[in-house]
Amino acid sequence: MEKREVKRRKLKEVRLAIPTKGSKGMEDAVSNVFGRAEKFTVVEVRDGSIVDVRVVENPAIS
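Next comes the structure, spelled out in structure tokens:
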């Protein structure tokens, strides 16, 4: 089997949506089901540092 080299590139900005059970953001419990989570904690990471955390309602439940 031929070995291939994989080039990795660094992402400068990433947004993560984590399904959560309440409004405490990073301090909240993670929901077991993504699509049925009450809320999402959206974490914005720029250059390896967290620059913003916000909680949004799940529009599929509202």
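Here this note's numbering is used: position 19 in the sequence shown is 1007, and no number is missing along the way. For glycine and all other residues, C-beta sits at the position ideal for the given N, C-alpha and C. Computed from a prediction, not measured in an experiment: that's the story for all the values here.
By the DSSP assignment, the beta strand (DSSP E) with residue i in it spans what residues?
i	result
Glu1001	1001 to 1008
Phe971	The structure shown has nothing for residue 971, since the chain only spans 989 to 1050.
Glu1045	1037 to 1045
For residue i, which three-state DSSP category applies?
i	result
Glu993	coil
Would you call residue i buried or exposed, if buried means 16 or more other Cβ atoms sit within 10 Å of its Cβ?
i	result
Pro1007	buried
Ser1019	buried
Lys1027	buried
Comparing C-alpha positions only, which one of the options sits nearest to residue i?
i	options	result
Arg1024	Asn1046, Glu993, Arg996	Asn1046
So, under 8 Å CB-CB, residue i and residue j are touching, yes? Tell me the CB distance rounded to an integer number of Å.
i	j	result
Arg1034	Lys1000	7 Å
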